Every structure is written in structure tokens, then in C-alpha cells.
Amino acid sequence: MFETILEILKNLGLPGLFAGMYFEAFGLPFPGTLLVAFAGFLAKQGHSNIFLTWFVAMAGFITGSVSAFLIGRHVGEPFFRRWGRYLHLTSERFDTAQEWFQKSAPGFIIGGRFIPTVGNITPYMAGISNISLLRYLLYDFVHATIWVTMFLGAGWLLGRNWYLITEKQWFKWFWLFGIIIIIFFLAKHLYVARSKIKS
1 MFETILEILK
11 NLGLPGLFAG
21 MYFEAFGLPF
31 PGTLLVAFAG
41 FLAKQGHSNI
51 FLTWFVAMAG
61 FITGSVSAFL
71 IGRHVGEPFF
81 RRWGRYLHLT
91 SERFDTAQEW
101 FQKSAPGFII
111 GGRFIPTVGN
121 ITPYMAGISN
131 ISLLRYLLYD
141 FVHATIWVTM
151 FLGAGWLLGR
161 NWYLITEKQW
171 FKWFWLFGII
181 IIIFFLAKHL
191 YVARSKIKS
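Numbering follows full-length UniProt numbering, with no gaps: position 57 of the sequence shown is 57.
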């Protein structure tokens with residue numbers, strides 16, 4: 001399946017990249033990380049401009065994220081509690097995600113996206129919450145910038161060895177990066193909360 005996706009990207013070019021990033025951000029099971037890295041490799045081979053590739057990947061990701069956010073905003077919590085299992089979103093996971101989001105929206109949106117099984121539900125949870133679309137877009141843009149730049153750059157730098165990012169050690173650092181972001185924002189949240197109590 002993955003080889004087919006890469007072949008489609010090679011043949012369709014940037015429109016294929018946009019579609020792939022849309023599916024990734026929408027929360028569908030899709031190898032977005034590898035797709036971006038392969039796009040970086042293709043850009044290095046002269047199939048497209050690296051900056052245009054970055055822009056298209058960002059546009060696809062943001063569009064998919066906003067679509068998922070709006071679905072979460074309009075269908076609401078009851079829908080996900082009833083049908084969330086189809087997104088692997090059990091009631092326990094829903095409650096945990098909601099708790100994380102309430103503690104630190106930036107940490108959950110920026111960092112949570114890096115963590116498997118959490119990233120695919122992030123935009124929906126944001127939509128269910130009372131966060132504004134503009135604020136969500138800001139945090140989502142920060143995440144997308146880090147994620148796209150990191151793996152597009154890896155594909156460009158590794159060249160024909162771009163597939164090395166599939167090795168487990170890459171993803172261990174990827175998850176660790178997301179966890180560090182979450183911890184940072186949680187610590188910041190606790191610091192601000194304690195400062196308000198003292199004052």
C-alpha cells in the first residue's frame with residue numbers, strides 16, 4: 001500500500017502531496033510522515049521546488065486540521081462519546097484527552113500531535129472545546145511548521161536514504177519531542193496558576 005502511495009505522489013506531484021497531508025491532518029490512518037520525507041527527496045531530485053513543496057504540505061495539513069476542528073465543533077461531545085470508537089476514541093481516552101486539553105490547550109495541540117493515537121483526535125477535541133478557531137489555527141500552525149519542516153528537511157538531507165526515517169529510533173525522538181512540549185506547557189500552566197493564587 002505504501003509503495004502505491006509513493007507512486008501516486010511521484011505521478012501526481014504537489015496535488016497528491018496536498019491530498020495526503022489533508023488525510024493525515026484529518027486523522028485518517030495515513031503515512032503522512034513518510035510522505036513528507038519522500039516529498040523532500042523528490043524536491044532534491046528536482047521534481048519540485050522545496051519551498052513550494054513546503055507551502056503545499058502546510059496548506060494540505062492546515063486545511064485537513066480545520067475540517068476536523070469544524071466537525072468537532074458542530075457535532076459535539078455526545079457524537080464522539082457514541083461513535084468515537086471508530087476513531088479508536090474510547091470514553092476513557094476521551095476523558096483523558098479532555099483533561100489534558102483543559103490543563104494546557106497549547107501543549108495538547110502542539111505537542112499532542114506528535115504522539116501516536118493522540119494526534120489523530122487532537123483537532124476534534126479542540127473543536128469540541130470552547131477554544132476559538134483563530135487560536136486553534138495559531139497552535140496548529142506552530143505544530144505543522146515544526147512537523148513539516150523537520151521531515152521535509154530530513155527527506156532533503158538524506159536524499160536516496162530518506163526511508164531511514166522509518167527506523168524506530170527516529171520515531172522515539174519524535175514521541176519524546178512531543179512529550180517535552182506537553183510537559184513544558186503543563187509546567188507553564190501550573191506556574192501561572194500558582195502565581196495567580198499567591199497574588
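For each residue, glycine too, the CB sits at the ideal point set by N, CA and C.
What you are looking at is a predicted structure, and each value in this text was computed from that prediction instead of being measured.
In the DSSP assignment, residue 22 falls within the unbroken alpha helix (DSSP H) covering 14-26. For residue 113, there is no enclosing alpha helix (DSSP H), as DSSP marks it with neither H nor E.
The Cβ neighbour count for residue 83, taken over all protein chains shown within 10 Å, is under 16; the residue is labelled exposed.
In this model, residue 78 and residue 128 are separated by some 10 Å (Cα to Cα). At the C-beta level, residue 33 and residue 108 stay beyond 9 Å of one another. Distance from the CA atom of residue 118 to the CA atom of residue 49, rounded to whole angstroms, is 32 Å.
For the pair residue 156 and residue 10, the CB atoms are not nearer than the 9 Å cut-off. Taking 9 Å as the cut-off, the beta carbon of residue 61 is found closer than this to the beta carbon of residue 22. By the CB criterion at 9 Å, residue 142 and residue 110 fall inside the cutoff. It is roughly 23 Å from the alpha-carbon of residue 137 to the alpha-carbon of residue 35. Looking at the backbone, the Cα of residue 159 and that of residue 41 are separated by about 5 Å. Nearest to residue 134 by alpha-carbon distance, out of 95, 76, 66, is 66. Out of 114, 86, 89, 122, the CA that lies nearest to the CA of residue 102 is found in 122.
Counting only the Cα atoms, residue 71 lies some 18 Å from residue 139. Around residue 100, the same chain offers 108 as residues with beta carbons nearer than 6 Å, after the five sequence neighbours per side are excluded.
For residue 121, no alpha helix (DSSP H) run applies, since DSSP gives it neither H nor E. The DSSP assignment places no complete run of the beta strand (DSSP E) inside the UniProt domain "VTT" (30-156) (cut-off: 3 residues). With 16 or more other Cβ atoms inside 10 Å of its own Cβ, residue 27 counts as buried.
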